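Residue numbers (numbering that gives the first Met the number 0): 0 to 463.
Glycine included, every Cβ here is placed at the ideal spot set by N, Cα and C.
The structure presented is a predicted model; accordingly, all values stated were derived computationally and were not measured.
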Amino acid sequence: MLLKYFYDDALSQASYLIGCPASGEALVIDPARDITPYLQFAHERNLRIIGAAETHIHADFASGGRELASEVRGTLFISAYGGEHGYKLQGDDSMTVIGLYDGSQISVGSVQLEAWHTPGHTPEHLCYLITAGGAAGPFALLSGDCVFAGDVGRPDLLQTAVGIAGAAADGARAQFASVQRIKTLPDYLQVLPGHGAGSACGKALGDVPTTSIGYEKLANPAFQFEDETAFSAWLLEGQPPAPRYFAQMKHINQHGAALLNSLPYPRPIVYDSEVMHAARALLIDTRSAEAFAAAHIPGAVNIPVSERKFSTWAGQLVHYDQPTYIVVDDTQVREVVNKLYAVGIDQLGGYVRPQTATRYRAITRSIAPQAADAQLGAGALILDVRDQSEYNEVHIPGALWIPLGEIEQRLAEIPREREVIVQCASGRRSNIATSLLQKHGYLHVMNLAGGIDAWRAADLPVEG
Numbered sequence: 000m001l002l003k004y005f006y007d008d009a010l011s012q013a014s015y016l017i018g019c020p021a022s023g024e025a026l027v028i029d030p031a032r033d034i035t036p037y038l039q040f041a042h043e044r045n046l047r048i049i050g051a052a053e054t055h056i057h058a059d060f061a062s063g064g065r066e067l068a069s070e071v072r073g074t075l076f077i078s079a080y081g082g083e084h085g086y087k088l089q090g091d092d093s094m095t096v097i098g099l100y101d102g103s104q105i106s107v108g109s110v111q112l113e114a115w116h117t118p119g120h121t122p123e124h125l126c127y128l129i130t131a132g133g134a135a136g137p138f139a140l141l142s143g144d145c146v147f148a149g150d151v152g153r154p155d156l157l158q159t160a161v162g163i164a165g166a167a168a169d170g171a172r173a174q175f176a177s178v179q180r181i182k183t184l185p186d187y188l189q190v191l192p193g194h195g196a197g198s199a200c201g202k203a204l205g206d207v208p209t210t211s212i213g214y215e216k217l218a219n220p221a222f223q224f225e226d227e228t229a230f231s232a233w234l235l236e237g238q239p240p241a242p243r244y245f246a247q248m249k250h251i252n253q254h255g256a257a258l259l260n261s262l263p264y265p266r267p268i269v270y271d272s273e274v275m276h277a278a279r280a281l282l283i284d285t286r287s288a289e290a291f292a293a294a295h296i297p298g299a300v301n302i303p304v305s306e307r308k309f310s311t312w313a314g315q316l317v318h319y320d321q322p323t324y325i326v327v328d329d330t331q332v333r334e335v336v337n338k339l340y341a342v343g344i345d346q347l348g349g350y351v352r353p354q355t356a357t358r359y360r361a362i363t364r365s366i367a368p369q370a371a372d373a374q375l376g377a378g379a380l381i382l383d384v385r386d387q388s389e390y391n392e393v394h395i396p397g398a399l400w401i402p403l404g405e406i407e408q409r410l411a412e413i414p415r416e417r418e419v420i421v422q423c424a425s426g427r428r429s430n431i432a433t434s435l436l437q438k439h440g441y442l443h444v445m446n447l448a449g450g451i452d453a454w455r456a457a458d459l460p461v462e463g
């Protein structure tokens, strides 16, 4: 058999291609929306992709399951569980949809995948045991978001992201039962998880691509519990806030993301502020922070395409029911569009070339730590836009803490008459936040150059 690992570092998301060289068949598990890498690899290895299999309804990225199954005119395997919160996907002329139950089998040539219903992270969640042709038993578990290296999937997203009361506690109890079941598997079994470090689908994911049942029994805190109540309390404590776009991803993936060939591809446009305003559109400037600071279109929000978390930050800030436009060079359009499609941002109205942006005189100010300290003494406010765990660990005295993803909902807490110095760890998230505040009419706002890292390096006061 053949096993190929694909990893999207921007989303900390893993997908896998399982192939049988003898039959020439292959299956992709949890594909990303950009299916080109799978098709290219299959072509290079003379494999025919027969479809895709999902472990669950993802909350952090738009799945490519429907896209891939339709492209190869194959089968999309999904969980049959979940009830009203489960999949709503239907087959059509381009693909077949098959719902799987506990113990259901998928054949990829001589390779067998056995579905295990492992609810907890989501009610419909499946893991897949992989057995190579002729082997006496399985060699690996595709664990999706049930088990990670050093962690397990958070059980609270249906409650925190979607708003279903009581779902977190129910999910924690179900996750306990799933972990207890997985603990019965042999120690030698490899574990192939759906995410690595940096994902918001758990609270302490390890940064290794694979692990084993035996190692997780030794090192994973979740595997040490024998009491459901204690496990649930531990699991629910300290989960990071669910990013705002997770609710939209749940809806998109429950019904299947739109096929990319059905979406109008963005074309270059002549910028018109009145058209943008009438459409309530968001303009994302993807140039570097330095280029944006020097000159940009008023109202644009700066998310540099070079940022690792571009997709995540875009998902936090867009309004999915309104169009999004981008400032981008012709050579980077495809890259930016794919990163937006990756989190379901499909309403792309067009793009503005950077030459247009440089004609405007809007600028973004930054300030060095020592100068910022002096400004604080004169009445300025520090706005800390990091995550709660970062703020709790260390922060600048007197800082107002509002995470980047919550700024638009909490503008009333940010004074307009005072100088506001926006701060994160290194100055990157605060650059985005500064541009967002400018979009909303804040005139006295600047970015703390180098963030709290530079502040501490200058030996300025912190607490925490």
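What whole-angstrom Cβ distance do residue i and residue j have, given they're in contact under 8 Å?
i	j	result
W312	I431	6 Å
S106	L258	That pair is no contact at about 27 Å.
P477	D386	Since the first residue shown for the chain is 0 and the last is 463, residue 477 is missing from the structure and cannot be characterised.
L140	L188	6 Å
D372	P353	Between P353 and D372 the Cβ distance is about 35 Å, and since that is not below 8 Å, they are no contact.
Q422	I381	6 Å
A135	V110	Incorrect: roughly 14 Å between the Cβ atoms, too far for contact.
M275	Y350	Actually they are not in contact, since the Cβ atoms of M275 and Y350 sit about 13 Å apart, beyond 8 Å.
A160	K249	6 Å
I129	P118	Contact doesn't hold; Cβ gap of about 21 Å is too wide.
G193	G143	5 Å
L157	L125	With a Cβ gap of about 16 Å, L157 and L125 do not count as contacting.
I56	T121	6 Å
R286	V326	6 Å
V207	A148	5 Å
Between the alpha carbons of residue i and residue j, how many angstroms are there, rounded?
i	j	result
P303	V393	27 Å
T357	S434	16 Å
K438	D226	50 Å
P265	G449	34 Å
A278	A290	26 Å
L184	A299	52 Å
Q369	P414	23 Å
G397	V461	10 Å
I395	L436	20 Å
T54	W115	10 Å
S388	C19	45 Å
I181	V146	9 Å
Q12	Q223	26 Å
N301	I283	6 Å
A171	T228	9 Å
What does DSSP give as the partner residue(s) for residue i in the beta ladder?
i	result
P192	G143
A465	Residue 465 lies beyond the stretch modelled for the chain, which goes from 0 to 463, so this question has no answer here.
W115	C126
V421	L382, N446
M0	Bridge partners of M0: none, in fact.
R286	R286 is not bridged to any residue.
V151	V146
A367	A367 pairs with nothing; no bridge assigned.
F5	S14
S62	A31
Between residue i and the rest of its own chain, which residues show a CB-CB distance below 6 Å, the 5 nearest in sequence each way excluded?
i	result
S22	G108
T330	none
D150	G201, A203, L204
A51	V27, P30, G64, L67, A68, L75
L403	V384, R428, A432
A221	V151, V178
R307	A9
T355	Y270
A453	P368
Do residue i and residue j have their C-beta atoms closer together than 9 Å?
i	j	result
Q174	G152	yes
G343	A256	yes
G426	N446	yes
A168	S231	yes
I451	A424	yes
P154	L234	yes
Y359	A292	no
E43	H84	no
Less than 8 Å between C-beta atoms, sequence neighbours within five positions excluded: which residues of the same chain meet that for residue i?
i	result
Y15	L2, K3, Y4, F5, V27, I28, D29, L141, L191
A341	D7, A9, L10, A31, R32, D33, F60, A61, S310
Q321	A278, R279, A280, L281, Q346
R47	G23, E24, A25, A41, V71
Q104	Q111, L112, E113, A114
Q374	I366, E418, I420
Might you give, ordered along the chain, the residues of its own chain that have their beta carbon closer than 7 Å to the beta carbon of residue i, omitting 5 neighbours on each side?
i	result
L410	H439
R417	G378, A379, L380, H443
Q247	Y319, G343
P242	A199, T311, G314, Q315, G404
R455	V461
Within the 9 Å Cβ cut-off, does residue i reach chain B?
i	result
W233	Checking the listed chains, one finds no chain B in this structure; it contains a single protein chain.
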